[in-house]
Amino acid sequence: MPRPFDEARPQLERQYLEVRFDPASGRSREELAAALERHRAEHPDEPRILTRAWLFHLLCAQARIAVEPDDYYADKLEHHDLCVALREEWRREEDAREFGGDPPATPGAWTAHLDTGHACPDWRSLLEHGLPGLRDRAAAGEGRFYEAVALVYEGAIILCRRLAAALPEGAPARPVLEALAERPPQTFHEALQLAYLYHELHEMENGYSVRSMGRFDQLYNRFLVGDMQAGRLTREQAKELLKYFWVKFFARTQGKMFGKPFLFGPEGSELSRLAFEVYREMHIVDPKLHFRLGERTPAALLAQVVECIQAGCTGIVAVNDAAQVAMLQANGKTREDADDYILIGCYEPAVMGRELNCSGACGLNLARPVEQVLAEGAPPSFDDFMAAYLGLLDAHFTRAADRVRREERLWPQVAPAPLLSGTMDSCLAQGRDVSEGGAAYNTSGCCCSGLANAVDSLAVVRQLVYEAQRCSLDELRAALAANWEGYEELRLTAQCRVPKWGNNDDRVDALAVQITNFLGSRINHEPNARGGVFQAALYGIIGTVGSYGKQTGALPDGRRAGEPLTMNTGATVGMDQGGVTSLINSVTKIDLAQFPNGTVLDVMLHPSVAGGPEGLATIAAIIRSHFAQGGLALQFNIFDANLLRDAREHPEQYANLQVRLCGWNVRFVDLGPDEQEMLIVKAEVA
Amino acid sequence: MTGRVLDVKRLSVHDGPGIRTTIFLKGCPLNCRWCHNPESVSPEPEIGLLKAKCRGCGKCAEVCPEGAHEFRDGVHLFHRERCTACGRCVEACLPGALEYYGRELSAVQAAAAVREDRTFYDASGGGCTVSGGEPLCQAEFCAEVFTLLRREGIHCAVDTSGAVPWASFEVVLPHTDLFLYDVKHTDDARHREHTGSPARGLLANLRRLSECGVPVEVRVPVIPGFNADEDSMAAIGEALRGLPNVLGARLLPYHLARSKYETVGRPDTMPDVVPPDAAVLARLAAVLDRARGT
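Residue numbers (the working numbering), protein chains in the order written: chain A, 19 to 704; chain B, 2 to 295.
Encoded structure:
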């Protein structure tokens, strides 16, 4: 029998670091790769979706496996990422043909790529039909798509049988896997095993994916309650099952996981209460939990979530349910579908199992055009400056969207996805893979980053150059070219004497409103190549603001060349002197519903404000206030700067200290020195 | 009508119910040895120097007409006796090492600043608190700010030491939803020794206030060496016993404020005091409640 979780935890957290695959259990990498080459040589004209499905089936049936008799679950398959390698080979081939002759783009201004990683399978359909049901449903159709789907689900069933057979009699996962090979899940244990196995297989098909794990407390509650009512499972046993399941998400990346959120609310269920209890007990950075908060949310459940936030579980994002549903409806979803939204990746709303939102398809660096206007021209007035700035944003989006459309047309030749498609009713009904636009809704995201840098820089140009005439455009240009070296007084003036974004200053905030209104009207409703439209997002995750920052020179807001841009929608670190209420008042002046691909606000609170029973009320009131003003999502860090400094000095004593950075929830001690310093400065301001 | 304002603090959660905006007014008739807002005591405007932020650029010395700022061997000397608080150095100081305490704010401006966070008051049952310093030294200003805010249904509280003539209470009473009332000691001699005034008048004002129908929350700063003992707490509890409209009595533990004394160039009057720990506070709270008869 599995040991109590707390006892087994150290090993469970390391379970993917050195997996011992039994050589006798299957074929080596060389043998598998050779089999693939033979197959391709023998079937030179095979549609790529079938080649991919064949490879998927081969790996399930013949790659090596590993099982742990004392785990509740089994899921380890040594697939060597061969599916991803094949995709990358096709991608290189197609890219060279399609994009080889393109002129170079402005560095750091925009990004565009084929985003196959942001997806959410139809978990409901997977749980209802089970693996055999999905196989049989596809097998009833005719044509290569149905053939491919049936093949991958047959592979998954074979894998269940192999894993079961490798386990000794009496191992808890054995009967579960045997059952899943024959029928849909009927117990909580079976449902979680299926979810994790699917997660691993989706990863095999597509590589690291930041999918949503679905509406967890809604989808899995019937299994939990059914087990408990039938006397098959106690509440304590259910908690153990959930802990063994969730720890895998941490173990996969050692707490450095992006995306993969579990969604809760708004009504909640028995499972919500159990899950937040487990989450608090585990105090673990992964997985991340998103919580839909609305009128239907019971007060006791909200209190439980807020207690988790206060206790330092920074993996929780509070989501404004009513506003999200309204936003989805305004963007073409039916009422019923809008109500069934989940958040993919970090914060990107999509209809569960019916929408492929490709939320990371393209992005814009909002700060880069400020630098370009300064470098290229001398607009006679600030209005002209602003017009030139928006003109460049427009041009950048035009190029990014064009690139995305061309990428999307290549998709069926690069990354057909029969496993994912096989869960979706619309793909089955049309006989089309998701790569061919088979999902019910096919949207493409455009993520806009660096808002604070853009707004602050424009405010500085307006005030210092055009209004106070503190310096000329030439002088400012020279200061930026010198990366502010030798211009310290001007830099301090720009930083300290010009009101900044995030302080509820109407004049500055109006710039943000102007920019975001432009983005919303330009990006949303632009057609993509899959029969859908582009959708704007307003946030910048750490990787994006870092890479844009490296390619962006010094900016008028005082930022030096190469430094990261400001994350998400908040103020630049140290600039939000007015505190959290002013920050929220600023951010909610933006019509956030113009960002159907998601947005979030980070809030940093000091423990003296957020601690104790009154702190619980304060946190809840901040969430409600943000939502009442139209905020869509909110996440918290609650720290004392001195504690963070101590954690930097003595990391060994703070292994458990979590922080929230963008969609990334992580242990403080795993951060680099720059990121640690940024958080310390933020905490000091709070 | 203007007030002399020290600071406007948002997301204030310790100055009354819910999330509040606290307006700190400058000037206090008491001179408590433990005061953690030493910049609030003098009614006159003054300038604070935060040495950690000073980069030694010398701009302040350049603009000061009185020669109050001087740099000697890289050390910033601030000759406060020459300072007229004209504020030019604060304007010139880009890194923000110099701060102006006591700017004039109109009641309309103050009310507008409070109004910004309206949503947060609604969501939390919060509002506005005027503190200090002693806010009732500027009672007309308080009354005018409150009149503007209560017109819009914003909850208004006064955080007072009570060390003002009763007439000042009468100015704010019709406009105030809650009084936070500091009670420090009941013994006149001890009170005078540590605050400069006897306790008598303050307690008399409290008794009279409690008859006026407006809720009062008593707050007791716990100061080691002054009142952090059972006898003092029992006496305070006795004094509160039976007062109507007193919602509760809460202990506020002493905390260090050394850096603030440096900022305003005054010696810390309680340099060696150790803040009371949680166990002491719990014990004293029990004594206080028992003596109050709750």
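Glycine included, C-beta positions come from ideal geometry on N, C-alpha and C.
Exposed or buried, what is residue i when buried is set at 16 or more other beta-carbons lying within 10 Å of its beta-carbon?
| i | result |
| --- | --- |
| T590(A) | buried |
| N522(A) | buried |
| S604(A) | buried |
| K261(A) | buried |
| Q671(A) | exposed |
| L707(A) | Nothing about residue 707(A) can be read from this structure; chain A reaches only from 19 to 704. |
| S169(B) | buried |
| H61(A) | exposed |
| H308(A) | buried |
| T85(B) | exposed |
| K252(A) | For the record, residue 252(A) in the displayed sequence is Thr; it is not Lys. By the 10 Å Cβ count, T252(A) comes out exposed. |
| E366(A) | buried |
| Q487(A) | exposed |
| G592(A) | exposed |
| E200(A) | exposed |
| D492(A) | exposed |
| H186(B) | buried |
| H136(A) | buried |
| T416(A) | exposed |
| L662(A) | buried |
| A168(A) | buried |
| F117(A) | exposed |
| D232(B) | exposed |
| W35(B) | buried |
| T196(B) | buried |
| H256(B) | exposed |
| F284(A) | It is Pro, not Phe, that sits at residue 284(A) in the sequence shown. When all chains shown are included, P284(A) counts as buried. |
| M2(B) | exposed |
By the criterion of Cβ-Cβ separation under 9 Å, what are the contact partners of residue i in chain B?
| i | result |
| --- | --- |
| G597(A) | K10, R11 and L12 |
| S604(A) | Ordered by position in chain B, no residue passes the 9 Å Cβ test against S604(A), which lies about 10 Å from the chain. |
| S287(A) | Those do not exist, as S287(A) stays about 26 Å from chain B at its closest Cβ, beyond 9 Å. |
| Q647(A) | T120 |
| E507(A) | C58, K60 and L95 |
Look at the Cβ atom of residue i, then the Cβ atom of residue j, and state whether they are nearer than 8 Å.
| i | j | result |
| --- | --- | --- |
| Y557(A) | T534(A) | no |
| G456(A) | S467(A) | no |
| E223(A) | F39(A) | no |
| F234(A) | L292(A) | no |
| L145(A) | S230(A) | no |
| H77(B) | G57(B) | yes |
| S475(A) | L573(A) | yes |
| T161(B) | V215(B) | no |
| V165(B) | C129(B) | no |
| S643(A) | F25(B) | no |
| R82(A) | S43(A) | yes |
| G148(A) | L195(A) | no |
| P46(B) | Y101(B) | yes |
| V335(A) | F294(A) | no |
Quick one: list the residues of chain B neighbouring residue i, beta-carbon separation under 8 Å, in chain order.
| i | result |
| --- | --- |
| E258(A) | In chain order: nothing, as chain B lies at least about 35 Å away. |
Since residue i meets chain A, which of its residues come closer than 8 Å, beta carbon to beta carbon?
| i | result |
| --- | --- |
| P96(B) | L510 and C514 |
| I155(B) | Those do not exist, as I155(B) stays about 14 Å from chain A at its closest Cβ, beyond 8 Å. |
Sorry if obvious, but does the Cβ on residue i come closer than 7 Å to a heavy atom of the ligand NAP?
| i | result |
| --- | --- |
| A205(B) | Although the ligand NAP was asked about, the structure shown includes no ligands whatsoever. |
What in chain B is Cβ-close to residue i, meaning under 7 Å?
| i | result |
| --- | --- |
| V627(A) | L12 and V14 |
| T587(A) | Neighbours of T587(A) on chain B: none; closest Cβ ~17 Å, over 7 Å. |
| R642(A) | A124 |
| Q671(A) | Under the 7 Å cutoff, chain B gives no residues; its nearest Cβ is about 22 Å from Q671(A). |
Under 7 Å Cβ-Cβ, which residues of chain A neighbour residue i?
| i | result |
| --- | --- |
| I48(B) | Near I48(B) there are no residues of chain A at all, since even the closest Cβ is about 17 Å away, more than 7 Å. |
- For the stretch 522–608 of chain A, list the alpha helix (DSSP H) runs that are entirely contained and at least 4 residues long, ordered along the chain. Whole alpha helix (DSSP H) segments, 4+ residues: 524–541, 560–568 and 597–605.
- Task: Output, in sequence order along the chain, the residues in the stretch 115–144 of chain B whose CB is closer than 7 Å to any CB in chain A.
- Result: Considering only beta carbons, the part of the stretch 115–144 of chain B lying closer than 7 Å to chain A consists of E117, D118, T120, F121, A124 and S125, in chain order.
- Taking only runs that begin and end inside the stretch 48–103 of chain A, name each unbroken beta strand (DSSP E) of 3 or more residues, in chain order. Whole beta strand (DSSP E) segments, 3+ residues: 82–84 and 94–96.
- Item | Residues within the stretch 522–545 of chain A neighbouring chain B, beta-carbon criterion of under 7 Å | Listed in sequence order: N522.
- Ranges of the alpha helix (DSSP H) found wholly within the stretch 298–381 of chain A, counting only runs of at least 4: Every alpha helix (DSSP H) stretch that sits fully inside the stretch 298–381 of chain A and reaches 4 residues is listed by chain position as 317–328, 339–348 and 353–357.
- Query: Going along the stretch 609–636 of chain A in order, which residues come within less than 9 Å of chain B, judged by CB to CB distance?
  - Reply: Those would be L623, S626, V627, A628, E632, G633, A635 and T636, in chain order.
- Query: If you measure beta-carbon to beta-carbon, which residues of the stretch 547–569 of chain A are closer than 9 Å to chain B?
  - Reply: Flagged: no residues at all.
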